[in-house]
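**Student:** One structure, pasted below without further comment.
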Amino acid sequence: MSLRTTFPSAGYVEDVSPGRGALAPRAWYASSDAKSLSLNGSWRFRLSATADAEDDSFAAEGYDADGWAEVTVPGHWVLQGHGAPIYTNHLYPFPVDPPRVPTENPTGDHLRVFDLPDDWPDLADGGAVLRFDGVESCARVWLNGTEIGEFKGSRLPHELAVGELLKASGNVLAVRVHQWSAGSYLEDQDQWWLPGIFRDVTLLHRPAGSVRDFFVHASYDHVTGEGTLRVDSDVDGRVTVPALDIDVVTGATVTVPVEPWSAETPRLYDGELVTAGERVPLRIGFRTVVLADGLIKVNGRPVLFKGVNRHEWHPRTGRALDLETMREDVLLMKRHNVNAVRTSHYPPHPAFLDLCDEYGLWVIDECDLETHGFVEQDWRDNPVDDDRWTPALLDRAARMVERDKNHPSVVMWSLGNEAGTGRGLTAMAEWIHARDTSRLVHYEGDIDCRDTDVYSRMYAFHEEVERIGRGLDGGTLKRRALPFLLCEYGHAMGNGPGGLADYQRLFEAHERIQGGFIWEWIDHGIEDERYGYAYGGDFGEELHDGNFVCDGLLFPDRTPSPGLVEYKRVIEPVAIAGDGAGGTVRVTNRHDFADLSALSFEWAFQADGETVASGPLAVPALAAGESAEVKLGQPPEDVRAGAETGWTVRAVLAEDTAWAPRGHVVAWGQVPVAPRARPTVAATGAPVAGDRLITLGPAVFDARTGEPRAIGSVAVTGLRLDVWRALTDNDEGAAWQSDVRYGELWRKLGLHRMRHRVDAVEPGEDALTVRTRVAPAAWEVGLSVVHRWTTDGTRVRLDVSVTPEGGWTVPLPRLGVRLGLSEADAVTWFGGGPGEAYPDTRSASRIGRWRSTVDGLQTPYVRPQENGARADVRWAELGGLRIEGEPEFWFSARRWTSEQLDAARHLTDLVPGETVWVHLDHGQHGIGSQSCGPGPLPRYFLDVAPAAFSFVFSETGPDVRA
């Protein structure tokens, strides 16, 4: 029997309306005493190439789907062996002809047969609702052979009434999901296009008199310390909050003394909404968000957002996340001092917001809207400026606001992202402002702030941010009176982002600048046996944006990247700085609300990077914004003469918290006391020339090239000046960037293929001097290099002097020497660590003595690139050699050359060789965030200029595994 309706079989797919059959949106809550049945799990699945390839007969009771495949719901069928994912940044992967979509429209038919549990209420008692929390991109639903609705809005909830259709057993739920629909034009959100039922499917019993929609209004008066509560409910009932002795009818207002909610002190009160048919738990946070004095204020105080943009992602399940993965995200954010999340570019799974309420994060909740691809046609036919689409836009706004309105963590609603401008956005803003006066409205694309309450930009350069902070940016009168946010900055693609500390100094210097949100939280790499992690183009897409989808502070497996470690340090809520000579540290509480009573402080005194004494440090419980000078005490007396010494002070959690254990490091600072003794080598030995070799103390050199062949018993190969690094994503930059992309110029100049000419090998009375010229083919520029080797009989010293020749117009990627060792594994060094650092990403680099392995020094960026440098290294030991630097140097070591690293496109392309290549760099060029933002600031450029630096080599003995 055919169940085909009188409507065209797939006409709804290209209908600009949000759909039909769905109930009005309402507040989401995790549980109640009403029965519910999860329909997650294994579903039968059939994939068709077009929207109308199959009729509706699969929805009928008794249909035989035994021959169908199975997929897991929540999930995406393209990640379960059916079809392939597609990644584009902003280009639509289909012809732009709104609202039309291609005939080739992968369509997945899903079937689930279920019985009601034995304790399910009598079918005559109340009704039932079927809730879909997320389906991409368009769904049509049947229950027991009856069509009950169709909807669009992939990251939004839809509820369908099904009570009269339910049976005790053998219920047949059929869902047809189309990859492309009119709704796809509203969801061009810089992520993988992943069709499927990717969030929960739940059957909810709705008893007579059960809760429908309700709105918890919980404000806080910072002057009186009182909270005011009113719960509006579509169904009359009572509200109780035992801890506050509240028991009132819905709609009543009550004011009582409370502890306020903030991201730093997320105080929640347990309550309950009770109607005749249902009891719903409430978690109430009292807080007030206002725009006052040109600032975003919460509970009377300006807040500084130290945020991240978070797409939902898991490397195996895509945007289908379980609760523990969401919790892991929140815990990682809290442990890395992040205090805010922008839910780019759609509302998250609602359980994530429960976690933000519980653990404490400010949230900008963003609507499921982006039409970025229309920029390619100068925004012509943009749906947000076409009245036909306005009902769909308003539906999306309402489904976000109504679902999430009871979360104290949500302090701003965002209309969407990169959707141009138009009447539809204005209608959304007007509706939201009217519906919820307790929050602000954000939208970065509203450049004149006509509809919004905050001036928001993305990737503004440091200089412009400073002008905005000083009020010199111009713009409309309204905009000049509004606070400023960087809703996206610090593009975390590959190695980087650089310049975060410079941004943070601006945020803290100018009250108008209320922080920003790093782009983004996690790399969207897909677990793949071919590559480790796959990115755009790895699935044969004809149109893609490569690894631009891997631009997060976490690697796909949720391991923190060096960028997240750097960000944690930059945004520490406690500043610790001092004067070694004065014997004090200045401690500043950078929290917006909390005092320092939750922290304890401890000191350690280091000599040559090793702790020789430690103890607790008494620091008062400073209020937010306060500072104090704290005496450190006397350094230990039994420190070796000539040792480099200094203090390290750490602020740690005094007790276990919900998000981290006692002793977790929140902030740290270092105060130098005595500098190190510089390495010296008295030139007492003379080079001895042989037939093909020259001997100088423990070192042996090739008489023709002047290159060392061994230092003691350690074989050395290929020592030469090096200026090339495997280009980072930020070196490469983005084609649309307005500033100079030096990676492109470096490759054009040929810095990756420098030629090395030996001009002279000159044995002298007390030194071996090797003169070379290093230059790229086809150009006149070059570097004149002098290597001068001396020895005291047991050690050899290399003095390098570099003189530029010709008209250099670009900085260098790096400047130093590289050499190869035949055997090396364990590494020990005294300098910055434990992780990598570069000139504008070194805030988290802590001076100490560190141990690792050569493999442990590598940073596994999804697309291989320059990585692993340690900064401010005094000396390093590996492969039987000790290398001391004058001045301090950048150190890295790897089992492949920079050229091999540069050629690799996935980690699996890197095959360890028999040589460990060691880089001893006098300088590195900064990193910046030019993959989608500014390049490094000029002070981090490695400008071409005369340079001199030295290294002392000595033998240490056999290599010992770390």
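For the sequence shown, our numbering gives the first residue as 1140, with consecutive numbering after it. Glycine is no exception: its CB is placed at the ideal position from the N, C-alpha and C atoms.
With 16 other CB atoms within 10 Å as the buried threshold, where does W1875 fall?
**Tutor:** Its Cβ having fewer than 16 others within 10 Å, W1875 is exposed.
**Student:** Does DSSP classify E1106 as helix, strand or coil?
**Tutor:** It is not possible to answer for residue 1106, since the shown part of the chain is limited to 1140 through 2101.
**Student:** Looking at W2029 and G1955, is the spacing between their C-beta atoms short of 8 angstroms?
**Tutor:** Going by C-beta atoms, G1955 is nearer than 8 angstroms to W2029.
**Student:** Under a three-way DSSP split, which group does G1995 fall into?
**Tutor:** Reduced to three states, the DSSP call for G1995 is helix.
**Student:** Give the secondary structure of P1232 by DSSP, where H, G and I count as helix, E and B as strand, and everything else as coil.
**Tutor:** Coil.
**Student:** Just list the beta strand (DSSP E) runs in the stretch 1938-1997, keeping only unbroken ones of 3 residues or longer that don't cross its boundaries, in chain order.
**Tutor:** If we require 3 residues or more, the beta strand (DSSP E) runs fully inside the stretch 1938-1997 come out as 1953-1960, 1965-1972, 1985-1992.
**Student:** Please state if the CB of D1386 and the CB of T1394 are separated by a distance shorter than 8 angstroms.
**Tutor:** Going by C-beta atoms, T1394 is not nearer than 8 angstroms to D1386.
**Student:** Run through DSSP, which three-state label would G1322 get?
**Tutor:** Residue state, collapsed to three classes: helix.
**Student:** Report all residues from its chain with a CB closer than 6 angstroms to the CB of S1276; omit the five preceding and five following residues, and keep chain order.
**Tutor:** Within the same chain, S1276 has close Cβ partners S1293, S1320, G1322, S1323.
**Student:** Please identify the residue among A1767, V1812, P1699, M1551 whose C-alpha is closest to the C-alpha of G1746.
**Tutor:** Note on identity: in this sequence residue 1746 is Ala, with Gly being the wrong assignment. When each option's Cα is compared against that of A1746, the closest is V1812.
**Student:** So, at 6 angstroms on beta carbons, what are the nonlocal neighbours of G1974 in its own chain, with the 5 sequence-adjacent residues on each side left out?
**Tutor:** Within the same chain, G1974 has close Cβ partners P1701, V1704.
**Student:** Closer than 7 angstroms by C-beta to H1730: which residues in its own chain qualify, once you throw out the five before and the five after it? Chain order, please.
**Tutor:** Counting only Cβ-Cβ distances below 7 angstroms, and skipping sequence neighbours, we find E1403, P1712, A1763.
**Student:** Could you pull out every unbroken alpha helix (DSSP H) segment of at least 4 residues lying fully inside the stretch 1873-1946, listed in chain order?
**Tutor:** Those alpha helix (DSSP H) runs which fall completely within the stretch 1873-1946 and span 4+ residues are 1881-1888.
**Student:** When the Cα atoms are used, what is the spatial distance from V1758 to L1922?
**Tutor:** When rounded, the distance between both Cα atoms is 53 angstroms.
**Student:** Leaving aside the five residues before and after S1141 along the sequence, list all residues of the same chain whose C-beta is less than 7 angstroms from its C-beta, in chain order.
**Tutor:** Low confidence applies to S1141: its pLDDT is 38, below 50, so where it sits in the model is not reliable enough to give any reading.
**Student:** Strictly by DSSP, which residues pair up with A2042?
**Tutor:** Beta-bridge pairing links A2042 to no other residue.
**Student:** Can you give me the C-alpha to C-alpha distance between P1837 and R1843, rounded to a whole angstrom?
**Tutor:** Going by the C-alpha atoms only, they are around 19 angstroms apart.
**Student:** Among the residues of its own chain, which have a CB less than 6 angstroms from the CB of A1865, if the five just before and after it don't count?
**Tutor:** Closer than 6 angstroms at the Cβ level, and outside the excluded window around A1865, lie Q2004, E2005, S2037, L2040, D2041.
**Student:** Going by Cα to Cα distance, which pick from V1210, L1305, L1299 is closest to L1255?
**Tutor:** Cα-wise, what sits closest to L1255 is L1305.
**Student:** The alpha helix (DSSP H) that contains P1701, what's its start and end?
**Tutor:** First-last of the alpha helix (DSSP H) with P1701: 1701-1709.
**Student:** According to DSSP, is Y1408 helix, strand or coil?
**Tutor:** Three-state DSSP puts Y1408 in a strand.
**Student:** Checking the sheet assignment: what are the DSSP bridge partners for V1268?
**Tutor:** V1268 pairs with A1300, L1343.
**Student:** List the endpoints of the continuous alpha helix (DSSP H) containing R1239.
**Tutor:** Unbroken run through R1239: none, as it is neither H nor E.
**Student:** Check whether the stretch 1515-1534 touches the stretch 1148-1156, taking contact to mean three or more Cβ pairs, one atom from each stretch, closer than 8 angstroms.
**Tutor:** Yes, the stretch 1515-1534 is in contact with the stretch 1148-1156.
**Student:** Are the beta-carbon atoms of I1833 and P1902 separated by less than 8 angstroms?
**Tutor:** In this structure, P1902 lies closer than 8 angstroms to I1833 by Cβ.
**Student:** Starting from the C-beta of P1441, find all residues in its chain whose C-beta is less than 6 angstroms away, skip the five residues before and the five after it, and write them out in chain order.
**Tutor:** So the list reads L1434, once near-sequence residues are dropped.
**Student:** Under DSSP, the beta strand (DSSP E) around F1353 begins and ends at which residues?
**Tutor:** Run containing F1353: 1353-1360, per the beta strand (DSSP E) assignment.
**Student:** Using 10 angstroms around the beta-carbon of S1766, count the other beta-carbons present and answer buried if the total reaches 16, otherwise exposed.
**Tutor:** Per the 10 Å Cβ criterion, exposed.
**Student:** Given a cut-off of 8 angstroms on the beta-carbon distance, is the pair E1557 and H1511 in contact?
**Tutor:** It is a contact, given that the beta carbons lie within the stated cut-off.
**Student:** Going by DSSP, which residues form a beta bridge with I1657?
**Tutor:** I1657 pairs with V1447, Y1628.
**Student:** Could you pull the DSSP bridge partners for T1211 from this structure?
**Tutor:** Answer is S1181, bridged to T1211.
**Student:** If you draw a straight line from the alpha carbon of P1147 to that of L1178, how long is it in whole angstroms?
**Tutor:** Because P1147 sits at a pLDDT of 41, beneath the cut-off of 50, its placement in the model cannot be relied upon, and the following sentence gives the value as read from the coordinates. Taking the straight line joining both Cα atoms gives about 29 angstroms.
**Student:** Tell me which residues share the same chain as A1347 and place their Cβ nearer than 6 angstroms to its Cβ, disregarding the 5 neighbours each side in the sequence.
**Tutor:** The residues are G1265, G1416.
**Student:** When DSSP builds the beta bridges, which residues end up paired with E1768?
**Tutor:** E1768 is bridged to R1725.
**Student:** Just confirm the distance between the C-beta atoms of D1432 and P1486, as a whole number of angstroms; I'd bet it's less than 8 angstroms.
**Tutor:** Not confirmed; about 30 angstroms, so no contact.
**Student:** Would you list the residues sitting across from I1850 in a DSSP beta bridge?
**Tutor:** DSSP lists A1838, V1853 as partners of I1850.
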